[in-house]
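Q: Chains as they are written, first to last, in full-length UniProt numbering: chain A, 1 to 452; chain B, 1 to 169.
Ideal placement from N, C-alpha and C gives every residue a C-beta, glycine not left out.
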Amino acid sequence: STDPQICIVGSGPAGFGVAQSILKHHPTAKVDMFEQSPVPYGLIRRGVSPDHQDVKNCIHGYERTAVLPGFSFYGNIEVGSALSLVELQAAYHAVVLCTGAQEERKLGIPRENLRNIFTSLQFVGWYNGDTNHQDVNVDVGGRTAVIVGHGNVALDCARMLLKPTHMFKNTDISSEAYNKLMKSEIKKVYLIGRRGPLQMACTRKELAEITDLEGVVTQVDTNVFTPAVNQAINNKDLKRRKQHRLVKYLMKVANVENKYISKEFEIKYLRSPHSITTNDDVTIAGINFNINKLEGDNVYEPLVTSSGELEHISCDLLISCIGYTNKLFDPNIPYKGGKMVHDNGRIKPAQSPGLYASGWCRDGPLGVLADTSNSSTQTSTSVLNDIDDLITNKPSCRGYKDILPTLEEKNIDVITWHRWQTIDEHEVNEGRKVGKVREKLLSEESMIEVSK
Amino acid sequence: MSHRSFSVFRKIFSEFSKLPLRGVAIKQQTAYTHKSELLASLQQVKTFHTTPIVAKDKITINLIDRKGEKHTTSANIDDTILDVVLDNELNFESFGVCEGTVSCSTCHVIFEDGVYSLLEEPLMDEMDMLDLACGLTETSRLGCQVYLTKEMDNCTVTLPREITDARDV
Ligand SMILES: Cc1cc2nc3c(=O)[nH]c(=O)nc-3n(C[C@H](O)[C@H](O)[C@H](O)COP(=O)(O)OP(=O)(O)OC[C@H]3O[C@@H](n4cnc5c(N)ncnc54)[C@H](O)[C@@H]3O)c2cc1C
Ligand code: FES
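1) Are the C-beta of Arg66 of chain B and some C-beta of chain A separated by less than 8 Å?
2) Against chain D, which members of the segment 42-59 of chain A pass a CB distance test of less than 8 Å?
3) Do you know how far the Cα of Phe95 of chain B is from the Cα of Leu86 of chain B?
4) Where does Lys24 of chain A sit, in a helix, a strand or coil, going by DSSP?
5) Please list the segments of the beta strand (DSSP E) lying wholly inside the segment 12-62 of chain A, counting only runs of 3 or more residues, in order along the chain.
6) Is Leu324 of chain A helix, strand or coil when you go by DSSP?
7) Chain B partners of Gly61 of chain A, CB-CB under 9 Å?
8) Under a three-way DSSP split, which group does Gly286 of chain A fall into?
9) Would DSSP call Leu142 of chain B helix, strand or coil?
10) Within the present structure, is the beta-carbon of Cys315 of chain A separated from the nearest heavy atom of ligand 2 by less than 7 Å?
11) Check each residue of the segment 238-268 of chain A: if its Cβ is closer than 7 Å to any Cβ of chain B, include it; give the result in chain order.
12) Would you call Asp389 of chain A buried or exposed, if buried means 16 or more other Cβ atoms sit within 10 Å of its Cβ?
13) Would you check if the distance between the CB atom of Asn152 of chain A and the CB atom of Cys98 of chain A is smaller than 8 Å?
14) Considering only heavy atoms of ligand 4, does any lie closer than 7 Å to the CB of Pro13 of chain A?
15) Going along chain A in order, which residues have a C-beta closer than 8 Å to the C-beta of Asn91 of chain B?
16) Would a check of beta-carbon distances place Asp281 of chain A closer than 8 Å to chain B?
17) Using the beta-carbon count (16 or more within 10 Å), is Lys188 of chain A buried or exposed?
18) Whole angstroms are fine: how far does the CA of Leu318 of chain A sit from the CA of Asn279 of chain A?
19) Considering only the alpha carbon of each residue, which of A:His26, A:Leu181, A:Asn128 lies closest to residue 461 of chain A?
20) Buried or exposed: which applies to Glu439 of chain A, given that a residue is buried once 16 or more other Cβ atoms fall within 10 Å of its Cβ?
21) In the DSSP assignment, find the beta strand (DSSP E) that holds Asn179 of chain A and state where it starts and stops.
22) When you compare only the Cα positions, how much space is there between Trp420 of chain A and Pro40 of chain A?
23) Can you tell me whether Leu118 of chain B is buried or exposed? The criterion is at least 16 other CB atoms within 10 Å of its CB, across all chains shown.
24) Between the Cα of Ser84 of chain A and the Cα atoms of A:Leu407, A:Glu430, A:Phe71, A:Glu425, which residue gives the shortest distance?
25) Taking only beta carbons into account, state which residues of the segment 7-37 of chain A come closer than 8 Å to chain B, listed in chain order.
26) Starting from Asp128 of chain B, find everything on chain A with Cβ-Cβ shorter than 7 Å and list it in chain order.
27) By the 10 Å Cβ neighbour count, where 16 or more other Cβ atoms means buried, how is Pro4 of chain A classified, buried or exposed?
28) Sort B:Thr72, B:Glu69, B:Asp79 by Cα distance to Asp57 of chain B and report the nearest one.
29) Just the chain B side, please: which residues come within less than 8 Å of Val368 of chain A by C-beta, in chain order?
30) Which ranges does the alpha helix (DSSP H) cover as unbroken runs of at least 4 residues, wholly within the segment 297-363 of chain A, from first to last along the chain?
31) Contact criterion: CB-CB distance below 8 Å. Does residue 454 of chain A meet it with respect to chain B?
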């Protein structure tokens with residue numbers, strides 16, 4: 001009988017999660033992973049904050065998967081341009097999309113293209129050494145930064161500006177960002193959201209990583225802690241536990257007197273971005289917000305209405321952290337509400353059996369690693385259940401052998417796992433010289449060069 | 001020393017001491033043609049353990065995996081549930097992804113009521129990660145933070161079933 005030929009597109013946690021469980025349950029399967037970047041791990045490398053190194057321990061598990069005999073990594077291959085989905089589906093019994101959701105979301109307000117305004121994709125990419133975002137010119141010479149968004153990514157960005165930069169010294173932060181942040185003059189960071197405290201998407205842990213910082217005072221307008229909010233947080237409800245703990249903590253740390261204040265962290269609610277202001281048509285001077293009201297009986301899912309009033313907040317730097325969107329990977333893949341339509345990871349319509357998806361590209365850019373792992377377990381179970389039928393239906397699939405001619409014809413410099421290990425070793429060695437866990441290469445060209 | 005402070009001490013000990021931790025097995029290698037080949041083979045045998053090598057008393061525990069299958073094993077008192085899973089190479093689907101550093105919640109397990117009430121209260125970092133655990137229950141804990149005691153002999157610990165329940169970042 002034929003061994004299963006399985007192709008995974010994307011090498012983030014979703015891709016490695018699927019590879020791991022397929023190879024565990026089907027040791028003779030051949031799993032090929034295609035990644036557009038020369039380097040693997042998706043957001044673990046490019047998203048997770050440099051001061052969250054423990055989160056990156058998941059990489060050890062991925063490394064153990066990558067050296068299994070059935071596994072191959074092919075980096076520097078973008079599916080959709082270098083290879084088409086149709087070509088992959090012809091060559092493999094099953095194709096699993098694990099491409100993440102890395103399209104930026106802009107605020108969509110006037111003058112958003114002025115200087116020193118960034119999306120989280122750009123700002124996070126910049127400090128994390130993402131090769132796509134090294135051209136952003138972040139100016140931290142001003143005093144005030146506004147961060148729009150109340151999720152964990154917003155808090156990652158705020159922490160980067162509030163936490164003493166030397167505390168990032170030994171991490172894998174890009175040196176260029178580190179050197180610039182060392183000279184930061186930012187003294188005040190606003191974290192501004194559209195709704196109230198019970199709607200904050202962040203976790204208590206992420207918030208505490210800022211409020212626990214010495215010399216940082218946390219300011220909150222306590223009017224947002226309405227009687228309804230106060231009542232809600234004392235209800236015992238496991239599904240709301242995260243929100244309740246967060247708001248209780250906020251109440252505790254809000255406006256605590258602080259003798260020695262070096263930086264201010266102000267959390268604002270009920271504000272929707274309206275327009276950017278400028279004094280010279282070049283650089284941001286501030287941002288106008290619509291002031292909102294929360295209405296309705298549901299304290300968790302209130303109706304947001306605009307009061308019609310505006311508030312102006314002066315700032316020198318603006319980072320919008322309002323999430324990411326899914327790139328429409330293929331016009332034939334059905335989406336609904338920002339998520340792929342699927343049945344336990346199987347992509348419908350069923351005219352293309354053997355197409356699957358997992359992780360952020362399937363479920364939208366929500367949740368943490370644990371959620372992505374779950375998604376992968378589910379999808380790989382479906383693949384394993386279907387695989388015998390798929391082999392029967394497409395007995396002639398030869399996997400990588402079938403697409404090699406296309407790659408050769410297009411002259412694509414494929415980065416194998418072996419070549420990635422060379423890059424990895426190089427980065428770790430360069431880091432060691434300066435006492436960092438890793439010094440990331442900042443361009444795809446240099447990665448390819450080093451791997452030769 | 002209370003049990004918890006002992007475990008905290010032990011964590012610090014295992015982090016800073018250069019002594020090899022149990023479970024770290026480096027096989028004798030044959031000649032390698034390339035450095036990274038050696039690296040790869042080392043990675044294959046590299047595992048980790050959150051507690052140092054000490055001879056310990058044993059109990060029996062039952063672990064129910066994500067597919068509902070029961071695994072009965074003998075386990076050392078004072079080891080964590082994560083240690084038990086690793087030592088017995090139970091290889092549970094995406095379990096203990098952050099290697100016991102309380103940063104992922106993938107080691108989420110569910111206890112029986114009676115045993116749950118015997119456990120020491122979770123610390124703040126465990127509470128924080130439990131907030132994010134998928135399928136949280138009243139008797140949920142993180143497997144990397146719960147140390148086995150004599151009283152837990154013959155207990156049953158259940159991994160949450162495969163589910164997807166993604167929330168806002
Ligand atoms: C800023 C930030 C910080 C985060 N911090 C944490 C944290 O501290 N803890 C935590 O648990 N979670 C964190 N998360 C969430 C976590 O990163 C996600 O849950 C997880 O990365 C999603 O995995 P994924 O594989 O679906 O997507 P990704 O990690 O985005 O991986 C997708 C991969 O697919 C590749 N790809 C895309 N398109 C193509 C194509 N056409 N061809 C080939 N390859 C392609 C991409 O290059 C990428 O490598 C964070 C997320 C962000 C954005
Ligand atoms: S192993 Fe990650 S929290 Fe326990």
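A: Taking the structure as given:
1) yes
2) Among the chains of the structure shown, chain D does not appear; the protein chains present are A and B.
3) 10 Å
4) helix
5) 30-35
6) Note that residue 324 of chain A is Tyr in the sequence shown here, rather than Leu. Note: Tyr324 of chain A maps to strand in three-state DSSP.
7) Ser94, Gly96, Val97, Glu99
8) strand
9) strand
10) no
11) Leu238, Arg241, Lys242, Arg245
12) exposed
13) no
14) Among the ligands modelled here, namely ligand 1 and ligand 2, ligand 4 does not occur.
15) Lys24
16) no
17) buried
18) 15 Å
19) Not covered by the structure: residue 461 of chain A. The range shown for chain A is 1 to 452.
20) buried
21) Here Asn179 of chain A belongs to no beta strand (DSSP E); instead the alpha helix (DSSP H) covers 175-182.
22) 8 Å
23) exposed
24) A:Leu407
25) Gly17, Gln20, Ser21, Lys24
26) Thr203, Arg204, Lys205
27) buried
28) B:Asp79
29) Cys104, Ser105, Leu132, Val169
30) 360-363
31) The displayed coordinates of chain A run from 1 to 452. Any statement about residue 454 of chain A would go beyond what the structure contains.
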